[in-house]
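Right, one structure below, let's go through it.
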Amino acid sequence: MTISMHDASAPILVNILTNMRNWLDRDDVKAAEAALLGARLFEDMRPLTAQYQMASDSAKNGMGRLAGVEIPAMPDTETSLAELRARCDKTIAFVQSISPTQMEGSETREVVLKFPSGNGYSFTGLDYLTRFMLPNFFFHATTAYAILRAQGIPLGKPDFLAHMGPPNLIAEPA
Numbered sequence: 020m021t022i023s024m025h026d027a028s029a030p031i032l033v034n035i036l037t038n039m040r041n042w043l044d045r046d047d048v049k050a051a052e053a054a055l056l057g058a059r060l061f062e063d064m065r066p067l068t069a070q071y072q073m074a075s076d077s078a079k080n081g082m083g084r085l086a087g088v089e090i091p092a093m094p095d096t097e098t099s100l101a102e103l104r105a106r107c108d109k110t111i112a113f114v115q116s117i118s119p120t121q122m123e124g125s126e127t128r129e130v131v132l133k134f135p136s137g138n139g140y141s142f143t144g145l146d147y148l149t150r151f152m153l154p155n156f157f158f159h160a161t162t163a164y165a166i167l168r169a170q171g172i173p174l175g176k177p178d179f180l181a182h183m184g185p186p187n188l189i190a191e192p193a
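So the numbering used here is basically just the index in the sequence shown, starting at one, shifted up by 19.
So this is what it looks like as structure tokens:
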């Protein structure tokens, strides 16, 4: 059995972005909005807002590159929870707009990343997905989660994996 590039990317991105969006809907997060938006794990790391922006960028840019379609511009201007929620929603909608057909053959498509320094990477689509795009996306999603935890928001692993719902195997009574 094989897994398509679409199946190995789109549902994962949508699930985690939806979970991230839902973290912003919590009453304790809303109550601490002013303190949370600029919160960082360490001084030299980007704040919560940037972690959301970079997770969004990883998802939309990655899917756009792999599908060979125009990537929507989303300037990093969010300064509120409402704006971060809207960015999550826009990113989810874009990822969901990419069809499996658009991703066909993307495993061998060349993906080139160039940094402002002029350095960069050249990947096949499969290597881009597995070696850069998904790890980078999860880095920023996990960092956003860790910032919220470090600021006293009682998120747990079930919040990170909320897309799974309750267990589907229930132990039989002894």
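For every residue, glycine included, the Cβ atom is placed at its ideal position computed from N, Cα and C.
Over the uninterrupted alpha helix (DSSP H) stretch that includes residue i, give me the two end residues.
i	result
Glu129	No alpha helix (DSSP H) holds Glu129; the beta strand (DSSP E) holding it covers 129-133.
Ile111	100-116
Leu197	Nothing about residue 197 can be reported from this structure: the residues present for the chain run from 20 to 193 only.
Ile35	29-42
Ala50	46-50
Thr96	It is not in any alpha helix (DSSP H) - Thr96 carries neither H nor E in the DSSP assignment.
Lys21	A small correction: the amino acid at residue 21 is Thr; Lys does not occupy that position in the sequence shown. It is not in any alpha helix (DSSP H) - Thr21 carries neither H nor E in the DSSP assignment.
Asp178	176-179
Residue i: which of the options sits nearest, CA to CA?
i	options	result
Phe113	Val33, Ser23, His159	Val33
Asp44	Phe157, Ala101, Leu67	Ala101
Val48	Asp146, Pro185, Ala190, Leu167	Leu167
Thr149	Tyr164, Ser125, Ser136, Gln170	Ser125
Gly171	Arg59, Leu36, Ala27, Ile35	Arg59
Ser99	Leu85, Leu67, Ala86	Leu67
Phe61	Ile189, Ala169, Ala190, Glu191	Ala169
Are residue i and residue j closer than 9 angstroms when you measure CB to CB?
i	j	result
Leu153	Ile31	yes
Met122	His182	no
Asn38	Leu180	yes
Thr219	Thr127	What the structure shows of the chain is the stretch from 20 to 193, and residue 219 is not part of that stretch, so it cannot be assessed.
Ala29	Phe156	no
Ile117	Met93	no
Asp178	Tyr164	yes
Leu36	Ile111	yes
Glu151	Tyr140	Before going further, note that residue 151 is Phe rather than Glu in the sequence given. For Phe151 and Tyr140, yes; Cβs fall inside 9 angstroms.
Just checking, does the region 123-133 make contact with the region 48-66 on the three C-beta pairs under 8 angstroms criterion?
-> no
Taking the runs of the beta strand (DSSP E) that are 3 residues or longer, which of them lie wholly in the region 132-174?
-> 139-143
Determine, using beta-carbon pairs with one atom in the region 105-124 and one in the region 68-76, whether at least three such pairs fall under 8 angstroms.
-> yes
Go through the region 55-93 residue by residue and report every complete run of the alpha helix (DSSP H) that reaches 4 residues or more, in order.
-> 67-86
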